[in-house]
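In what follows, a single structure is set out as structure tokens and then discussed.
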Amino acid sequence: MASTGPLGADMLSPIPLLVAMVVGTRLTMSGLFRHADVSGLDLLLLFVAWAYVYVCPFTKVEESFNIQAAHDLLIFGPVELEKFDHFEFPGVVPRTFLGAIATAILAAPFHLAAAAHGAPKIWALTFVRASLAFLVWVPLTRLGRALGQHYGSTTIRNSFLLICVTQFHFLFYCSRPLPNTFGLVLVLWAYTLWVQRKFSGSVRLFAAATLIFRCDTLILCAPVGVSMLLRRQISFPAFLWAAVTGAAASVALTVAVDSYFWSRLIWPELDVFWFNVILNKSADYGVQPLLWYLTSALPRMLLVSAAFLGASLLVPRRLWQCLRGPGAGATEPGDGARNLSWELVLPMIAFVGLYSLLPHKELRFILYCVPALNAASAVGFARALDVAQTRGSKGSSFLSKVLAMFIFAVRISSIGRVEFAEPRSLVLLLSSHSAFSS
Amino acid sequence: MQGIAVAIIANAAACAVFVRAASLNYPGGYAALRLVEHLQKSQPTVDLINVHVDNLAAQSGFSRFSQIDSLNNGAIAVCFFLSPNTNAHQDTDTVCCAVLKQVHFDKTEHLDNPGQFADYTHLVTEVHAVVDSVGATHE
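Going down the list, the protein sequences come from chains V and E. Be aware that the first sequence starts at 1, since it is given in our numbering, and climbs by one per residue. Be aware that the second sequence starts at 1001, since it is given in our numbering, and climbs by one per residue.
What follows is the structure in structure tokens.
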């Protein structure tokens, strides 16, 4: 068997990926998003996310419900419910179909075109995952744009994108059809409105992410909401009104759609909440140490960018000015606007801290904190870049030495923790009856 | 400037390590591809192809996207790609109708008794599970 590529030479060529890239770029740059202000770095993010889909096209057990639902919607359509996987192999808890519906609608034109040319069904899997990456990518670029507008600095916007594109887990997970990833789409829109200082809309989207996709998003919403209220960015009645209207609309949508697909009156996340929070069986899946997120998950997810997060939060403005040296002219990036770094990071510390109390820990549970931490890191990154530029590129500044040491430490610690697949290979035993009965 | 460049390169290098590790994590997906490829090449003589998919395979990449309903679907696709001119297409169409075979996939867990494997024509399973059960039949 010629298996040079990940899917074998004759099963899946890079052609669909290239076609999708060209069409996607075309749509993005003209037509659909003519006024959307999409930069080249924005597109790089999408292409890297799609490259991960190409290298790792399959899905794991956690993604099972959504990927089977997307398959059934694409192949059977939303009518022949009796053929659907969730009736043949019902799982422990029901999940919402809304995420699978969104990705299936996006993937449908590509699937129909490929199927009309006789492509194997496995191609549709790539289209579904690429669609999901696209759904995450759109609000991610809007968050970068909002940061650039808030600080009045393109450098900060580009720093945010550069940090995101060079971290592995965030872009890898954004094409995995996990409930967390669908929640992430709404959470990223909520972050965007948060940075744009549109607090009511932000609260509505946090409520939708919680009630439709992942009830545990409440652990994120609570600290963010408290932060907004304590900073008097939104009055309590306005907060309550936004939360209630957002919740009512979300519940109406999920109950209407999912009751149809499950053929009974159902609000899936309520069942999930009952199973996971009230009965709390999660410890059955394994227990990790209290500080696992801090010592293992976050270093792997943030990599070297953790250094810039520190620079962003801890280096005072006066020190930045000193580092730039006298007579450098102009001001450092983001000087004109209020620094949002602590405002973004404090709720994330509370979020990860609260989640650490749950004995069962998975990297995907705290995925939401990565874009917010990167938004904070971008300020430090842009200012470090500015310092390096104003001092000339001799590379001998104190800061660059400190950064190099940070890099070395973080790199060593994260590479040591790469979890390789267990060397249990599967064998495909092509047998006749005699192989077993002899 | 060098420091920042090193930071970005270090991140990217770590990404390369991570993505290599991640790509090794889907044995079930590759097993499914090989199974379909094998079925299309070998054209088994039994009427019903009954495939058992074990727990690890189902958890590590085997989804409904990997399944085929009957053998002629895949055969048409393969033939069509090999000879995209219209005459050949019509020929393969008739050939494929003649060899239509049903393919059934089963994900039943806990097949402890080796005798239960006898109902299946093909297994997608872990190495040591097979070795254990074959060993058991020989005892």
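Ideal Cβ placement from N, Cα and C applies to all residues, glycine included. Values in this document were obtained by computation on a predicted structure and should not be read as measured data.
*Closer than 8 Å at the beta carbon, the chain E residues around residue 305 (chain V)*: Within chain E, the residues near residue 305 (chain V) are 1007 and 1011.
*If we cut at 8 Å on Cβ distances, does residue 85 (chain V) have a partner in chain E?*
yes
*asked:* Here's the rule I'm using: 16 or more other beta-carbon atoms within 10 Å means buried, otherwise exposed. How should residue 91 (chain V) be labelled?
replied: exposed
*Within chain V, partners of residue 1043 (chain E) - CB distance below 8 Å*: Under the 8 Å cutoff, chain V gives no residues; its nearest Cβ is about 13 Å from residue 1043 (chain E).
*Residue range of the beta strand (DSSP E) that residue 1106 (chain E) falls in?*
Its beta strand (DSSP E) spans residues 1102–1106.
*Top-ranked residue by Cα proximity to residue 1064 (chain E), from E:1039, E:1107, E:1010 and E:1116*: E:1107
*By Cβ distance below 7 Å, which residues in the same chain neighbour residue 287 (chain V) in space, the five residues on each side in sequence not counted?*
359 and 360
*residue 1051 (chain E) - containing beta strand (DSSP E), residue span*: 1048–1053
*Within the present structure, is the beta-carbon of residue 285 (chain V) separated from the nearest heavy atom of the ligand HEM by less than 7 Å?*
The model depicted lacks the ligand HEM and carries no ligand whatsoever.
*asked:* Judging by CA-CA distance, which residue of E:1103, E:1058 and E:1115 is the nearest neighbour of residue 1126 (chain E)?
replied: E:1058
*asked:* For a cutoff of 8 Å on Cβ pairs, would you count residue 166 (chain V) as touching chain E?
replied: Residue 166 (chain V) counts as touching chain E.
*Residues of its chain near residue 178 (chain V), where Cβ-Cβ distance is below 8 Å and the 5 sequence neighbours each way are ignored*: Result list for residue 178 (chain V): 62, 63, 66 and 364, in chain order.
*Would you identify the three-state DSSP class for residue 1124 (chain E), choosing helix, strand or coil?*
The answer is strand: DSSP assigns residue 1124 (chain E) an E or B state.
_If we define contact as Cβ-Cβ less than 8 Å, is residue 1102 (chain E) a contact residue for chain V?_
Judged by the 8 Å Cβ criterion, residue 1102 (chain E) is not in contact with chain V.
*Closest Cβ-Cβ distance between residue 1019 (chain E) and chain V: below 8 Å?*
yes
*Check the Cβ-Cβ distances between residue 1004 (chain E) and every residue of chain V, and say whether any is below 8 Å.*
yes
*Closer than 8 Å, CB to CB, is residue 1065 (chain E) near chain V or not?*
yes
_C-alpha distance - residue 220 (chain V) paired with residue 1120 (chain E), whole-angstrom precision_ = 48 Å
*Can you have a look at residue 1009 (chain E) and say buried or exposed, based on whether 16 or more other CB atoms are within 10 angstroms of its CB?*
exposed
*How would you write the range of the alpha helix (DSSP H) that residue 305 (chain V) sits in, first residue to last?*
Segment 305–314, the alpha helix (DSSP H) holding residue 305 (chain V).
*Of the listed residues V:250, V:386, V:305 and V:376, nearest to residue 150 (chain V) (C-alpha basis)*: V:376
*Please determine if the region 335–344 of chain V and the region 272–279 of chain V are in contact, where contact requires at least 3 C-beta pairs separated by less than 8 Å.*
no
*So the alpha helix (DSSP H) residue 134 (chain V) belongs to, where does it begin and stop?*
122–151
*asked:* Mapping the DSSP letters down to three states, classify residue 267 (chain V) as helix, strand or coil.
replied: For residue 267 (chain V), the three-state secondary structure derived from DSSP is coil.
*Go through its chain and collect everything with a Cβ distance to residue 127 (chain V)'s Cβ below 6 Å, but skip five positions before and after it.*
107, 110 and 111
*Can you tell me whether residue 305 (chain V) is buried or exposed, with buried defined as 16 or more other CB within 10 angstroms of its CB?*
buried
_C-beta contact flag for residue 124 (chain V) and residue 205 (chain V) at 8 Å_ = Not a contact, by the Cβ cut-off of 8 Å.
*So is residue 336 (chain V) buried or exposed if we call it buried at 16+ other beta carbons inside 10 Å?*
With fewer than 16 Cβ atoms within 10 Å of its Cβ, residue 336 (chain V) is classed as exposed.
*With respect to the alpha helix (DSSP H) encompassing residue 374 (chain V), which residues constitute its N-terminal and C-terminal limits?*
That run of the alpha helix (DSSP H) goes 369–390.
*In angstroms with no decimal places, state the Cα-to-Cα distance between residue 295 (chain V) and residue 302 (chain V).*
11 Å
*What separation, rounded to the nearest whole angstrom, lies between the Cα atoms of residue 1053 (chain E) and residue 1039 (chain E)?*
The alpha-carbon separation between residue 1053 (chain E) and residue 1039 (chain E) amounts to approximately 15 Å.
*Helix, strand or coil for residue 60 (chain V) per DSSP?*
coil
*Give a yes or no on contact between the region 377–390 of chain V and the region 256–264 of chain V, applying the rule of three or more CB pairs nearer than 8 Å.*
no
*asked:* For residue 324 (chain V) and residue 316 (chain V), I'd like the C-alpha separation in whole angstroms.
replied: 13 Å
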